[in-house]
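Below is one structure, written out as structure tokens, with a few remarks after it.
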Amino acid sequence: MTTSGEFEIKKTITFAMLHFTVAFTVAYL
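Following this note's numbering, the numbering of the sequence shown begins with 1 at its first residue and continues without gaps.
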């Protein structure tokens with residue numbers, strides 16, 4: 001069972017990775 005803190009960290013990392021991927025794709029296109 002993960003703590004709320006770990007969940008927040010994972011969610012933040014996932015959001016950051018998604019944002020980076022979108023930004024990179026837009027810049028590449």
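The beta carbon of each residue, even a glycine, is placed where N, CA and C say it ideally should be.
The three-state secondary structure of Leu29, taken from DSSP, is coil. The three-state secondary structure of Thr21, taken from DSSP, is helix. Lys11 and Tyr28 have their C-alpha atoms some 25 angstroms from each other. Secondary structure at Thr3: coil, using DSSP grouped into helix, strand and coil.
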